[in-house]
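Reviewing the structure listed below.
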Amino acid sequence: MSASVAVCRNIYTEDRFRQAYGTEEQRVSERLHHRLAQRCSCSQVDCAHLLKKRVPVCNWLPKYKLRKWILGDIVAGLTVGIVHIPQGMAFALLTSVAPVYGLYTSFFPVVLYMIFGTGHHVSTGTFAVLSLMTGTVVEQLVPTPLALNSSSPEAAEFEAQRIGVASAVAFLSGIMMLCMCGFQLGFLSTYLSEPIVKAFTSAAAFHVTISQLQSMLGLRLPRYTGAFSLFKTLGSVMENLPHTNVAELVISLVCLAVLVPVKEVNSRFRERLRTPIPVEIITVIIATGVTYAFSLDSRYNIQIVGHIPAGFPKPRLPALETVPDIAADTVAITLVGYAVSVSLAMIYADKHGYSIDPNQELLAHGISNTVSSLFTCFPSSATLATTNILESAGGYTQLAGLFTSLVVLIVLLLIGPLFYFLPKAVLACINVTSLRQMFLLFQDLPDLWRISRIDFMVWLVTWLSVVVLNVDLGLAIGVIFSMMSVICRTQRASCSVLGRAANTEIYRSINNHNKCYEVPGVKILTYNGPIYYGNRSFFKAEMTELLGLTPEKIRRREKAIKAIEKREREAISTTVLFLKEQGVADSSFSSKNDLFQSDITAEVPEGEVQAVLIDCSSVIFMDVAGARLFIQMCMECQKIGVRIYLSNCNESVLKILTSSGLMNYINPQHIFVTVHDAVVYIQQQRGKTTREQCYGVGVVILHNQRHLNSWSVKYRKIEKTSRLFFGDFLSTLPVLGLVFCCLHCTWYPVEPILFNNSVNSVPAIFI
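The numbers in full-length UniProt numbering rise by one with no breaks, and the one at position 162 of the sequence shown is 162.
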């Protein structure tokens, strides 16, 4: 037996429901006072809670399960540290600085994120996309000279200028993140949607690959920036192909032949492999040894890394005088770095069942970049490759970052100088092969096309903009296009007519459900979007079309209603004159209008719309322009005898409608909790009107018992006199009436007695 639902309850308007189930609304000042009291309270417990929130290591470290987690964190941390060494040096080349600064960036941010970060499986350090964007800024301010002796004093000064600019970008990026954290702007990352981030990183991978071609081929070319830089670089490489260094080309081909297959094995068998094969560090060691053994640098003029100083750099301020020149580019770098980091943290948090704090992530990356910039580091963020390695190698907590930094520390203190003979072509190959996951993002396109064509277009526009124009400009175009797609969807939200499924309280669009029928005389409309200044014209046009209220039809109905009113007034005037001749005093009527309280809706033909019910369940918000349009539509409907009802209004929509004065034009009792409540109420009112309906509705108000007795005594005289004076003429009067008696402010329905058994006869009053 299938489950069923049977509910018996009263009809609820919003007012009745709030009285029955609502809570007393606090004033804004009271809520603000309560929040400030909570925020500003200071106690030992509050201080401990704040410390654990802002320094998460104080929260998770005391709860650390040593026996269960330590082995996984050690293995994962050491594995990621080994990968950081070649990647750090390789990504430093993308930033247009010496490889040693990549090692610094692989150490300081890792330690700081371990203390302040909330992502258990996030690995921070150098990231190809940020390195490319930072390198573009560095090249704009400190362009590479074509002829420069690496051992000259000018080369050292040139390198200092470059790292000064790169560290200034990191410093400013960190300050921006700290300010965003102070203003609780962690939600801004949501504007970089998943299609934007994936398209951007995939397109940036092409920029990285093209920029590394000159190192793989042994060419010395200027670095292009700005729009169409990718095509300019590619054209320059093609022009200089005859000058390729064959030795460096061979080294690149051999490295690619080793790196690509082994990385593919690591990817396919990562579930079977306890730790991935550290092919990058193996390649670096072998290439360095071969170059040193055969003196490839001097014999074949191969570009090598050169001197890597041992130890830590001395703290120094970045080139802060360049801040005005780098501010615009740093905004894009900050948003991209934060969006990628938070996206990765959320992915692995959902996978392993814990949560992260986006605002705390801002604080963590802000501190990492700001402090690291004082030690000649360039911008850092979470990285795709090392985060994946950390999770697949069995890491559990941020403690894995400690072992990662220990590996880099050993290289900085002891092993760094041994990489003197490392060919730059090897680092370029490591850069290119590390982008494998970014190129595979094209696999998302078929699913995007199947699920959402709009998201597919966002992905495609962002990718083309980044590839054709530039990284930062393309990202801006992608964000603007994505936001415009959202705005256009809200401006063109669907509006439909709802019908009722038989014997249920379920209402669905009649366009999509052919077995749902419209409620007779009631047009139920729903609008699937907000009502605001940007779409109010579209909303009005859609509503007018669905209601069928064309200007010609409105004029025709207004003319018909005026004719009905005129006919009723003439008939009632005749009745008043007749009653006066029978001795009924004028004081029996409170006013002349008391005889004319006609229900115009009752006069609307059965096939016409008599009531409009607007389902506001999908109206998520409404502004002042939308509220005023709503009121205007209510006034227009009232003019043609159509009543407006509302249902499923959320609190914000109901509040702005009330504040805008809607209750001056609509009965508060016509706002219902559900669509079915409103439909049942309307049908009850129509049923009552049908039983009491006449062609013209006369209303006589009797103010006291004396008037009531007077009408009772004179009933027979009225009947006799009416037959004598009106005769057969009564049968032609379209004045079928209904009389209500009001005794001591109480209304009593009175059954009409028809003369001559005619439907069109004047009613007598029976009490």
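Backbone N, C-alpha and C fix where the C-beta goes; we use that ideal spot for every residue, glycine too.
None of these values were measured; they are calculated from a predicted model.
Assigned secondary structure, residue i (DSSP; H/G/I helix, E/B strand, else coil)
i	result
F589	Confidence is the limiting factor: at F589 the pLDDT is only 47, short of 50, which leaves the residue's position unreliable, though a coordinate-based value still follows. The answer is coil: DSSP assigns F589 none of H, G, I, E or B.
E606	Here the model assigns E606 a pLDDT of 48, short of 50, so the residue's position is not dependable, and the following value carries that caveat. In the structure shown, E606 sits in coil (DSSP, three-state: anything other than H, G, I, E or B).
Y104	helix
S509	strand
V331	helix
residue 768	Lying outside 1 to 767, the shown extent of the chain, residue 768 is not represented and no answer is given.
V497	strand
I656	helix
Y354	coil
A382	strand
F228	coil
I682	helix
I210	helix
I531	strand
C488	helix
Y517	strand
H744	In this prediction, H744 has a pLDDT of 36, which is less than 50 and means its spatial position is unreliable; what the coordinates show is noted afterwards. Three-state DSSP puts H744 in coil, outside helix and strand.
Y665	coil
P222	coil
C42	coil
Y338	helix
Y396	coil
A310	coil
First and last residue of the uninterrupted alpha helix (DSSP H) at residue i
i	result
L646	Note, L646: premise wrong, no alpha helix (DSSP H); beta strand (DSSP E) at 643-647.
L241	No alpha helix (DSSP H) holds L241; DSSP gives it neither H nor E.
N59	57-60
T275	Run containing T275: none; DSSP gives neither H nor E here.
C377	Where C377 is concerned, there is no enclosing alpha helix (DSSP H), given that its DSSP letter is neither H nor E.
I410	400-410
Q437	436-439
E321	No alpha helix (DSSP H) holds E321; DSSP gives it neither H nor E.
N503	Per DSSP, N503 belongs to no alpha helix (DSSP H) and is neither H nor E.
Q87	66-94
A541	536-547
F183	Per DSSP, F183 belongs to no alpha helix (DSSP H) and is neither H nor E.
S252	246-268
T462	453-468
S4	It is not in any alpha helix (DSSP H) - S4 carries neither H nor E in the DSSP assignment.
Cβ neighbours of residue i in the same chain (closer than 8 Å, five flanking residues each side left out)
i	result
L418	T288
M176	T330, V331, T334, G366
V619	Y527, G529, P530, I531, C649, N650, V653
The beta strand (DSSP E) enclosing residue i, as first and last residue numbers
i	result
V612	611-615
T526	522-527
Same chain, Cβ closer than 6 Å to residue i, neighbours up to 5 away in sequence not counted
i	result
S381	F127, L130, G337, V340, S341
I644	V612, C634, C637, I666
I656	M622, A627
V432	T209, Q212
K639	none
T124	P109, V110, Y113, S380, A382
G174	G366, N369, T370
E542	C495
R723	Because R723 sits at a pLDDT of 46, beneath the cut-off of 50, its placement in the model cannot be relied upon, and the following sentence gives the value as read from the coordinates. Nothing meets the Cβ criterion.
Chain-order list of residues whose beta-carbon lies under 7 Å from that of residue i (same chain, five-residue window excluded)
i	result
G135	L94, T95, S96
I74	F403
N648	D615, C616, S617, T674, V675
E435	Strictly speaking, residue 435 in this sequence is Leu, with Glu absent from that position. Correct list, in chain order: A128, A205, V208, T209.
L320	A168
R508	L498, G499, A501, C516
V7	none
Identified DSSP bridge partners for residue i
i	result
F672	T13, S647
T124	A382
P423	I304
M622	I531
Residue i Cβ short of 8 Å to the ligand NAD heavy atom set
i	result
R316	This structure does not include the ligand NAD; it has no bound ligands of any sort.
Legend entry - the segment 92-104 touching the segment 296-313, judged by at least three CB pairs closer than 8 Å: yes
Legend entry - the segment 445-463 / the segment 221-228 touching (three or more Cβ pairs under 8 Å): no
Inset, instruction - Say whether the segment 186-206 touches the segment 473-486, bearing in mind that this needs 3 or more beta-carbon pairs closer than 8 Å, one atom from each stretch. - result: yes
Legend entry - Three or more C-beta pairs below 8 Å linking the segment 42-62 and the segment 238-245: no
Inset, instruction - Check whether the segment 265-277 touches the segment 386-395, counting contact only when three or more Cβ pairs, one atom from each stretch, lie closer than 8 Å. - result: yes
Inset, instruction - Evaluate contact between the segment 367-376 and the segment 103-117, counting only Cβ atoms and requiring at least three cross-stretch pairs below 8 Å. - result: yes
Legend entry - Cβ contact check for the segment 347-363 and the segment 172-189: 3 or more pairs under 8 Å: yes
Inset, instruction - Decide if the segment 73-89 is in contact with the segment 320-329; the criterion is three or more beta carbon pairs, one per stretch, under 8 Å apart. - result: no
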